[in-house]
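Going by our numbering, the first residue of the sequence shown is number 10, and it counts up by one from there.
In this text, a Cβ means the ideal position worked out from N, Cα and C, and glycines have one as well.
Have a look at the structure below before the remarks.
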Amino acid sequence: MKNSEKKMDEIISFAKEKGFVFPSSEIYGGLAGAYDYGPLGVELLKNIKDFWWRENIYKKNNYYGLDSAIFKDPRVWEASGHTAGFSDPMAECKDCNARIRVDKELEKIGVRADEKMSEEEINKLFSENKDKIKCAKCGSSNFSEAKAFNLLVKSNLGDFTSKNSEPVYLPGEACQGIYLNFKNVVDSMHPKIPFGVGQIGKAFRNEISPRNFLFRTREFEQADTQFFVKPEENKEAYERIKKERWQWYLNLGISEENLKWSQHDNLVFYAKDAWDIEYNFPSYGFDEVEGIHDRSDYDLTVHQKASGTDLHFNDNGEKFIPWVLETSMGLGRVFLAVLSEAFDLEKLEDGSERRILRFKKELAPVKIAILPLMKKDGLAEGAMEIFDMLAGDYNVIYSDAASVGKRYRKQDEIGTPYCVTYDYDSKEDQTVTVRERDSMEQERVKISDLKEYFRKKFN
Ligand code: ATP
């Protein structure tokens, strides 16, 4: 099934029905812009993170991992420019007070705009096109002027007794933790330049209108790498990183027809180049999943100035502030891309329909389902022994409810690559049936060979 034939509403309700994603605080009516990952979702998310970590940290000899604290000195966000400039253009509907994000509304009607434009630029486009934009809540076009709305989320941690004390913000982007630890990584790991630091961390943004399920939330995770290079030795590395990141999505099981590059027209003043990788989401269309940015020496320079700590790199006596090439991927958006890509309805020869998640084996939340043909006659016990044998190596489940045919379908629906059925013959000849998800082919395998069989299948 092509993505153009898939419907996001169906994927969203399917994700909830099967335990992938739940609205946050649902029993209280749900909190906008926040989602919880359920029992299967947490596995898929973890598998995507592991896949990212393996390719971006383990497989490279000059990349290091990091996990920095959420709470940071408030001066970090001042130095980085977030307290002053991390904003989106917002307008209010004068009839019902609903808020809209003006650049995104302009984009929807085909006007090129983005959040980095000045208030004046965006308001010019807004006033020229106001009557074409309708409030999603009441349908009116009676909007206020666009104003910059800061996205940083404040916490109440900190000292508020002194008048000038800044609140401690939650991170607006995960990467700042990497800049703050640049010196620590250099002093402890003694890397040669160029080198990279990667981190998977939470980010929080007071999004004006959280929307499109996991696509625009107020709390999300980013998987970031920051690659430190010699000044002006950025171009070649940037091209290499772009190629690697594109390939990563293909390796993840995303088809190339659903991926697209998009270059930023409006660069922030310090950036030298910026490209996004976009995914073709069902119903929503192409939109950003990852940004790849050439950030020059901006970040380390501003933190050196604000903190008073020397952040030069000493390369055999040659001292300089490294340039930074960033990759920043939103995990929620990639999760949604993987789920959308895998979602399929297959017409079978007998005319019936099979709902299936065609995950790459590595990403599947459950790897193997163990199914006794019947619960009675010692078959359940035999199947449980196989469960115990494999459970330490894979996420395995045992299921004995309903007919085997129905249980196969249930496993197809959640993308389980293999089902193992223990039947009456198994008791006699110590073999089981292994059924593969996509081909539905079955083969008999000796129980004593199962560990080795799956080791090969999952390698
Ligand atoms: P957008 O233009 O969609 O608001 P952005 O350009 O501000 O995104 P970046 O600051 O470059 O995004 O963040 C890097 C990545 O973090 C994005 O590519 C995206 O995958 C993810 N991300 C950013 N904002 C959100 C959000 N509100 N919800 C979920 N993921 C997000």
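Item, Value
"Cα-Cα separation, K192 to D447", "49 Å"
"Top-ranked residue by Cα proximity to A24, from L53, S34 and E14", "L53"
"For N12, the first and last residue of its enclosing alpha helix (DSSP H)", "Looking at the DSSP string, N12 is not in any alpha helix (DSSP H), and its letter there is neither H nor E."
"Residues bridged to T318 (per DSSP)", "Answer by DSSP bridge pairing: none, since T318 is not bridged."
"C-alpha gap between H199 and Y44, whole angstroms", "40 Å"
"Segment limits, alpha helix (DSSP H) that includes R342", "L340 to A351"
"Euclidean distance between Cα positions of M99 and R249", "37 Å"
"Sequence-distant residues of its chain with Cβ nearer than 7 Å to I20 (five each side left out)", "P291, L348, S349 and F352"
"R254 Cβ short of 7 Å to the ligand ATP heavy atom set", "no"
"Environment of Y37 [buried if 16+ CB atoms lie within 10 Å]", "exposed"
"Cβ shell of K370 (< 8 Å), same chain only, five flanking positions each side left out", "K376, P426, K466 and F467"
"Proximity winner among A232, L115 and N71, relative to K58 (alpha-carbon distances)", "A232"
"Cut-off 7 Å between Cβ atoms - residues of its own chain near E114, not counting five sequence neighbours on either side", "I142"
"C-alpha gap between W62 and Q185, whole angstroms", "19 Å"
"Given 8 Å, three or more beta-carbon pairs between the stretch 134-151 and the stretch 102-109", "yes"
"C-beta contact flag for W284 and I301 at 8 Å", "yes"
"Rounded separation between L345 and G360 - CA only", "29 Å"
"Supposed contact pair G42 and R227 - C-beta distance, whole angstroms, cut 8 Å", "3 Å"
"Burial state of W257, where buried means 16 or more other Cβ atoms lie within 10 Å", "buried"
"Stretch pair the stretch 293-312 + the stretch 241-255: three plus CB contacts closer than 8 Å", "yes"
"Nearest candidate by alpha-carbon position, reference P331, set D306, E355 and A315", "D306"
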